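Protein sequences, first through last, are from chains A and B.
Residue numbering for the first sequence follows our numbering, starting at 15 and increasing by one per position.
Residue numbering for the second sequence follows our numbering, starting at 217 and increasing by one per position.
From the three backbone atoms N, C-alpha and C, an ideal C-beta is built for every residue, glycine too.
From a predicted model like this one, the values you see are computed outputs, not experimental measurements.
These notes concern the structure reproduced below.
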Amino acid sequence: MQDAQRFRRRALLAFVLVALAVLALAARFAWLQIVQHKEYVTRADSNRIRTLPIVPARGLIFDRRGRLLADNVPAYRLELVPEAVGDVDAAIERLREFLPLDEDELARFQSQRKTQRRFQSLPLKFRLTEGEVAAFAVRRHLFPGMDVVPYLTRRYPYGELLAHVVGYVGRIDEADLERLDEADYRGATHVGKSGIERFHEKRLHGRVGSERVEINAEGRVLRVLDRELAVSGENLYLTIDLDLQQAMVEAFAGQFGTAVAVQPSTGEVLGMVSLPSYDPNPFVNGIGRQAYADLLAAPGRPLFNRVLLGGYEPGSTLKPFVGLAGLELGLRTPQDTVFSSGAYRLPGQEREYRDWKRGGHGQVDLREALAQSVNTYFYTLAMELGIDRMSGYMQRFGFGEPTGIDLLGEAVGIRPTQAWKRATRNQAWYPGETVIAGIGQGFWVATPLQLAQATSMLAAGGVRHPLHLLRQTQAGFDAPLLDVPQPPVEASVISRPQNLQAVIDGMVAAVHGPTGSAREMGLGASYRMAGKTGTAQRVSRIGDEARDQSTLTQNQRNQALFIAFAPAESPTIALALVVEGGGSGARAAAPVARRILDAWLEPKNP
Amino acid sequence: MNLALLARRWGPRLLTPRVDVPLFVALVLLAIVGLMTLHSAAAGDPGLLQAQAMRFAFGFAVLWVISRIPPQQLRLWAPWLFALSVVLLLLVPFLGTGRSARSWLNLGFFYLQPAELLKLAVPLLVASWLHSQVLPPRLGALAVSAVIIGLPTALIAIQPDLGTALVVAASGSFVVFFAGIQWRWIVGLGSAALLAAPLAWPFLREYHRNRFMTFLNPEADPLGVGWNIIQSKIAVGSGGLFGKGWGQGTQSRLDFLPEHTTDFIFSVFAEEFGWVGVLAMLGLYLFIIGRSLWIVAQARDTFSRILGGALALTFFVFVLINGGMVAGMLPVVGVPMPLMSYGGTSAVSLLASFGVLMSIHSHRRFMGE
């Protein structure tokens with residue numbers, strides 16, 4: 015019985031110890047479940063709940079009459095989550111056995127991979143064909159962490175016709191990430207890279223939405239808890255008229271050059287071309303290295319946007335503005351005449367500044383000086399004005415300043431002054447430079463946009479309507495079209511309307527007068543137009559100080575320019591154009607201008 | 217022997233209830249809660265639930281049968297059961313299968329873990345040996361006991377299945393404890409074991425060391441070995457006072473909690489039924505242990521007492537180690553929660569040991585010295 019008693023004692027002791035241990039366990043569970051409950055609830059939720067972005071549909075782009083210029087089309091892309099895939103490189107090797115991946119795509123993927131975290135989904139290949147989607151679908155179980163995802167991709171149905179206007183979207187790269195707000199671009203793969211797509215990115219992008227989803231440990235989405243819908247980007251209606259744009263390209267008949275057409279009463283850009291152009295569609299999902307190299311090496315530099323960045327010597331197209339300066343600043347009346355002997359000399363200097371007509375034009379007033387493009391008239395006027403006063407007047411027409419059009423990176427050209435020359439070249443100004451500045455030569459550099467804007471101001475009575483490409487916006491397809499508000503219009507730069515009229519008369523005479531330098535282009539027109547030819551001797555580019563003439567071909571040296579507006583009495587279109595390597599303005603540029611103006615003004619015969 | 221004679225002789229013995237009703241009810245209750253939790257943890261896999269229910273049925277049948285067998289019969293079988301278990305254990309390295317440790321034998325119809333058999337065989341043999349000795353045991357008797365305990369423990373440890381080895385060693389040691397080993401021996405052996413523990417470190421397998429290091433600092437490798445502990449604590453903690461409700465545990469349903477049908481099933485229970493549920497379960501376990509010890513205290517013979525007491529305490533070791541592991545108090549060792557974790561051998565061997573307790577209960581009056 016001693017054994018039994020000892021056993022009972024020990025059993026009781028054991029039970030007490032067991033009870034104490036159970037109490038300890040209960041206390042531990044209480045600690046986790048009551049004291050630390052909140053923290054663990056948070057951690058359980060962060061385990062199972064993910065917030066996924068809903069990428070908004072990008073706004074569409076239309077021309078002024080509602081024709082679609084940039085479209086969203088459904089496509090499929092292959093995405094992978096590096097963390098879920100594990101050995102990414104090995105998986106890609108296996109993938110390539112049935113899915114072609116070129117080196118460019120891979121290189122882009124690898125560089126993007128470095129910038130993202132391992133649990134974020136990364137696109138590997140865009141625009142899979144139906145066959146590729148099917149080929150992957152049957153092997154999907156072999157590729158955990160990879161999936162085919164439907165998305166909307168951008169398409170530009172008119173291709174190169176509008177590449178320099180609409181621009182294109184491209185895959186977000188590191189440079190984009192630096193300037194974009196990450197929160198707005200969660201889940202987004204593309205962003206506007208150039209043109210309207212870039213400038214109006216905010217409107218087009220829309221607002222990203224989100225959904226909270228429950229996932230399991232493998233990261234598969236099981237159900238949606240709640241969602242905040244994305245807001246699609248705005249649809250944009252441009253000022254561009256697709257028919258005119260088309261006519262402008264055709265008018266060049268394959269020649270390189272640039273043209274801008276503006277509605278003078280509004281500043282709306284009706285058409286703008288830079289030729290040669292390129293197809294923006296391959297850029298959307300990343301153009302191949304070779305294709306890009308080919309584009310860079312192609313004749314005429316198709317990627318170069320001449321409208322925005324091209325700098326041209328305006329030549330004689332500047333004469334109407336110089337003439338106007340003479341009238342407005344009180345140095346001349348329209349009736350004052352100058353004698354053209356064929357050559358002009360500064361007092362005490364040997365150098366001759368020539369007229370284009372051997373023997374000169376004789377006694378000419380402003381009208382004839384513009385009609386025949388008489389250099390001597392403007393040589394003398396320039397000397398009377400002086401370079402600074404002349405330049406100062408040109409500023410009123412926007413030369414040397416950005417037009418403020420809604421495209422990024424606009425060049426400003428050069429509006430020469432004594433101070434400008436001192437600052438940029440540390441040289442004194444010579445009188446001879448004033449002489450040639452009077453006919454738009456020497457240091458002058460203007461962009462096609464500036465020429466078009468200045469011409470448009472002549473057509474609009476001296477009022478500047480800022481150039482713009484965005485006409486109306488629409489928030490969703492059921493929403494009304496809203497006009498884009500324009501800044502208030504400043505007063506006319508003209509103090510005496512008859513001065514302007516005298517210049518216009520001269521420009522009309524240049525086309526329709528018996529002595530007009532462009533009289534051939536005016537023949538048979540059903541409307542009257544005001545125009546001015548120009549011939550520039552070289553291409554100029556901003557920041558390109560080393561202009562070695564010997565390396566330029568003849569083609570590059572001659573630019574044919576033309577500015578015009580029509581109908582002369584109540585203009586609906588103002589135009590500036592450059593035909594590169596075209597020879598003289600009258601022979602090469604004027605016929606192109608006529609075809610463009612006809613396309614806008616002549617009633618179309620079916 | 218003809219069938220009629222067999223039926224007449226064995227029929228009443230098999231059919232008459234020979235169980236302690238409160239203990240039996242508690243065990244059935246435990247099995248039901250276990251199946252309910254498994255139903256939730258194994259969502260979408262009714263096969264798993266069915267298999268476990270079949271094992272419980274088999275286990276309760278074993279309990280019923282063993283409860284008819286007089287303890288002295290078990291004592292005589294003890295050497296043979298022990299020998300068989302050790303032989304099977306020796307076969308494991310050659311024929312065994314298993315993921316982290318080779319510990320399973322494929323018997324064709326059943327995967328058997330010989331180590332589980334030893335949880336019963338070792339205390340049986342130690343109790344049977346000490347029963348024949350003068351108590352409290354002398355040095356010689358203790359040495360023999362040490363061999364009976366040490367041999368299978370070592371064999372299991374090298375499989376390597378450290379958790380089971382510890383449980384087997386404990387089950388044998390509890391017999392020695394109840395046999396009345398002097399306190400100075402307990403203190404001496406206990407401190408010797410504590411001092412020797414660091415010496416075992418170089419002999420541990422890599423994954424055991426990892427588990428131990430992870431236990432000390434689970435956040436050091438949250439996606440690797442620390443994952444289990446962290447996710448288990450999240451499951452338990454997020455359950456709160458009243459739990460998320462049956463079948464509503466996100467940690468197990470969404471597969472964040474690994475091993476949620478086996479080692480970590482108690483996390484699932486804690487997540488879904490909260491602290492109140494945990495308290496109820498701990499109460500149930502405490503009742504089972506207390507009732508078992510009370511039954512054993514009624515026994516008249518030494519063998520029954522020291523064996524039954526050891527079995528009751530061994531049962532508690534499972535609860536303590538598994539509960540502590542799930543709550544992040546103890547390192548992760550593969551010890552199941554009794555009658556909750558999915559697994560056949562464990563359930564059957566546990567119910568078999570309760571069969572022994574029932575036998576002690578039903579034969580207490582006919583024994584005596």
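Practice task
Count the CB pairs spanning the segment 219-236 of chain A and the segment 67-86 of chain A that are closer than 8 Å, and state whether there are at least three.
Solution key: Counting C-beta pairs with one atom in each stretch, the segment 219-236 of chain A and the segment 67-86 of chain A have three or more that are closer than 8 Å, which means they touch.
Problem - Euclidean distance between Cα positions of Gln-455/A and Val-321/A - result: Going from the Cα of Gln-455/A to the Cα of Val-321/A covers about 20 Å.
Practice task
Please classify Trp-443/A: is it buried, with 16 or more other beta-carbons within 10 angstroms of its beta-carbon, or exposed?
Solution key: buried
Handout entry: Ala-44/A CB to nearest heavy atom of the ligand GTP below 8 Å
Key = Judged by which ligands are present, the structure shown has none, so any question about the ligand GTP falls away.
Exercise for the section: Could you run through the segment 124-149 of chain A and flag, in chain order, every residue whose CB is less than 7 Å away from some CB of chain B? Expected result: none
Problem - Pair within 9 Å by beta-carbon distance, Arg-429/A and Gly-418/A - result: In this structure, Gly-418/A does not lie closer than 9 Å to Arg-429/A by Cβ.
Exercise for the section: Measuring alpha carbon to alpha carbon, tell me which of Arg-580/B, Leu-566/B, His-579/B ends up nearest Ala-273/B. Expected result: With distances taken between Cα atoms, Ala-273/B lies closest to Leu-566/B.
Handout entry: Closer than 9 Å to chain B by CB, Val-32/A
Key = yes
Exercise for the section: Throw me the rounded Cβ distance for the Leu-457/B and Gly-490/B pair, which I believe falls under 8 Å. Expected result: For a cut-off of 8 Å, the C-beta gap from Leu-457/B to Gly-490/B is around 5 Å, short enough to register as a contact.
Exercise for the section: Decide yes or no for the touch test of the segment 515-527 of chain A against the segment 280-300 of chain A: beta carbon pairs closer than 8 Å, at least 3 of them. Expected result: no
Problem - Contact belief for Ile-505/B with Ala-528/B at Cβ below 8 Å, rounded distance in angstroms - result: So it is a contact: roughly 5 Å between Cβ atoms.
Practice task
Taking only beta-carbon positions, decide if Glu-228/A is within less than 9 Å of chain B.
Solution key: yes
Problem - Per-residue contacts from Ile-505/B into chain A (C-beta, under 8 Å) - result: Phe-29, Val-32
Practice task
Measure the alpha-carbon distance for Arg-381/A versus Gly-268/A and round it to whole angstroms.
Solution key: 34 Å
Exercise for the section: Identify the contact partners of Glu-225/A in chain B, using a Cβ-Cβ distance below 9 Å as the criterion. Expected result: Those within 9 Å of Glu-225/A in chain B number zero; the least Cβ separation is about 17 Å.
Practice task
Pull up the distance between the alpha-carbon of Gly-406/A and that of Gly-548/A, whole angstroms please.
Solution key: Here the alpha carbons of Gly-548/A and Gly-406/A stand approximately 22 Å from one another.
Handout entry: Below-9 Å beta-carbon distance, Trp-491/B vs any chain A residue
Key = Closer than 9 Å: yes.
Practice task
Closer than 9 Å by beta-carbon distance: list the chain B residues that pair up with Tyr-54/A, in chain order.
Solution key: Lys-449, Ile-450, Ala-451, Val-452, Gly-453, Ser-454, Gly-455, Gly-456
Practice task
Compute the distance between the beta-carbons of Asn-433/B and Val-548/B, then report whether it is under 9 Å.
Solution key: The answer is no: Cβ separation not under 9 Å.
Exercise for the section: Spell out whether any CB of chain A is found under 9 Å from the CB atom of Met-545/B. Expected result: yes
Practice task
Could you tell me which of Gln-124/A, Ala-474/A, His-51/A, Glu-616/A sits nearest to Lys-449/B, measuring between CA atoms?
Solution key: His-51/A
Handout entry: Rounded C-alpha distance that separates Leu-360/A from Tyr-391/A
Key = 14 Å
Handout entry: Ile-480/A to Val-179/A span [Cα, whole Å]
Key = The residue you asked about is not Ile; residue 480/A is Pro in the sequence shown. Rounded to the nearest angstrom, the two C-alpha atoms are 17 Å apart.
Handout entry: Within-9 Å CB hit, Asn-61/A to chain B
Key = yes
Exercise for the section: Mind listing the chain B neighbours of Arg-42/A? Cutoff is C-beta to C-beta under 7 Å, in chain order. Expected result: Residues of chain B whose Cβ lies closer than 7 Å to the Cβ of Arg-42/A are, in chain order, Ala-543, Met-545.
Handout entry: Met-270/B, buried or exposed, once every other Cβ within 10 Å from all chains shown has been counted against 16
Key = exposed
Problem - beta strand (DSSP E) runs wholly inside the segment 262-321 of chain A, at least 3 long, in chain order - result: 271-277, 282-289
Practice task
Would you mind telling me which residues of chain B sit closer than 8 Å to Asp-240/A, beta carbon to beta carbon, in chain order?
Solution key: Here the premise fails: no neighbours, minimum Cβ distance about 16 Å.
Exercise for the section: Can you check DSSP and say which residues form a bridge with Ile-68/A? Expected result: The partner list for Ile-68/A (beta bridge, DSSP) reads Gly-223/A.
Exercise for the section: Quickly, what does DSSP pair Gly-206/A with across the bridge? List them, please. Expected result: Val-183/A
Practice task
Please compile the residues from chain A whose C-beta is within a distance smaller than 7 Å of the C-beta of Ala-359/B.
Solution key: Result: empty, since nearest Cβ-Cβ is about 21 Å, beyond 7 Å.
Problem - is_contact[Asp-101/A, chain B] using C-beta, thresh 9 Å - result: Asp-101/A does not count as touching chain B.
Exercise for the section: Assign Asn-440/A to one of two classes, buried (16 or more other C-beta atoms within 10 Å of its C-beta) or exposed (fewer than that). Expected result: Per the 10 Å Cβ criterion, exposed.
Practice task
Compare the C-alpha of Leu-333/B against each of Ser-569/B, Ser-578/B, His-579/B, Ile-576/B and name the closest.
Solution key: If we check each option's Cα against that of Leu-333/B, Ser-569/B comes out closest.
Practice task
Give, in chain order, every residue of the segment 525-540 of chain B whose Cβ lies closer than 9 Å to some Cβ of chain A.
Solution key: Gly-525, Ala-528, Leu-529, Phe-532, Val-535, Leu-536, Gly-539, Gly-540
Handout entry: Where Thr-394/A sits in the DSSP three-state scheme
Key = It is helical.
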